[in-house]
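**Student:** For the sequence shown, the numbering used here begins at 875 and goes up steadily by one.
Here a beta-carbon is modelled for each residue, glycine too, at the ideal position from N, C-alpha and C.
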Amino acid sequence: MFRWFLIISALLITPRAFAIDEYSTASEAEKKLIKQIVKVLEIEPSVEVEKKIYGRIDYIFKTENWNSYWLGYNDLASSKIKSPNVSFVEQYVNTSDLGTFIISFMYDKQVNQILVTSKQIRYGEKDAALKAFKKIKDDTENYSVIHESENYALMQETGQVSYSNFHVGSKAATVVYIEQGIIEL
């Protein structure tokens, strides 16, 4: 009897561990953000589309404290970009411990794809950035140096549109992780 109690307790305590998919356990705030992206991109709403977008950016929700804001085509009054086949939204997500994310979504209705470009901006102590830089630079099997100077460098993950951009000052540093990918709808 006690064993059944432990099993049921474990199931109740860790719903994400036993979920059919991660999106089904997303918070209401996370789902609201995903639904807003779908709406602004003018994509026919569906849970499948929401799951694909969520699966592409779920790493931004690995924190407990975040907020977001977005901009689209219609936010700049002087913009003359009004393509009926392409829609765009850029999502800004600030977190308490993972830095700032800037994620751009460009949806092309003719090819039914979303181009996603993600930038994570981290700011911190110089030593932490130098440690991250050394780890990536030493991993020559998976990364290559595009350029390097005394206080900045750009590294690329082999075979990917994925970059690590380092800028080191006298006491602090900034690291920007950039990646690009496609969501097939």
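May I ask you to verify whether the region 979-988 touches the region 1001-1019, counting CB pairs closer than 8 Å and requiring at least 3?
**Tutor:** Counting Cβ pairs under 8 Å, fewer than three are found: no touch.
**Student:** Could you pull out every residue in the same chain whose Cβ sits closer than 6 Å to the Cβ of Tyr997, ignoring the five residues on either side in sequence?
**Tutor:** To locate residue 997, count along the sequence shown from 1; it is residue 123. If we look at Tyr997 and ignore the five residues flanking it on each side, its Cβ neighbours are Thr1048.
**Student:** Out of Ser1023, Gly1055, Leu950, which has the shortest C-alpha to C-alpha gap to Phe1040?
**Tutor:** Along the sequence shown, one-based indexing puts residue 1040 at 166. Of the candidates Ser1023, Gly1055, Leu950, the one whose C-alpha sits nearest the C-alpha of Phe1040 is Ser1023.
**Student:** Looking at C-beta atoms only, is the number of pairs between the region 897-913 and the region 950-961 that lie closer than 8 Å three or more?
**Tutor:** No, the region 897-913 does not touch the region 950-961.
**Student:** Whose CA, out of Gln1054, Val1042, Gly1055, lies closest to the CA of Lys1000?
**Tutor:** Position 126 of the sequence shown, counting from 1, holds the residue named residue 1000. Comparing Cα positions, the closest option is Val1042.
**Student:** Looking only at DSSP bridge pairs, what is Gln979 linked to?
**Tutor:** Taking the first residue of the sequence shown as 1, we reach residue 979 at position 105. Per the sequence shown, the amino acid found at residue 979 is Phe instead of Gln. Bridge partners of Phe979: Val963, Val990.
**Student:** Quick check on Tyr928: buried or exposed, where buried means 16 or more other Cβ atoms within 10 Å of its Cβ?
**Tutor:** Here residue 928 is taken as the residue at index 54 of the sequence shown, counted from 1. Tyr928 should be labelled buried.
**Student:** For Gly1055, is the classification buried or exposed, using 16 other Cβ atoms within 10 angstroms of its Cβ as the cut-off for buried?
**Tutor:** Counting from one through the sequence shown, the residue named residue 1055 turns up at place 181. Gly1055 should be labelled exposed.
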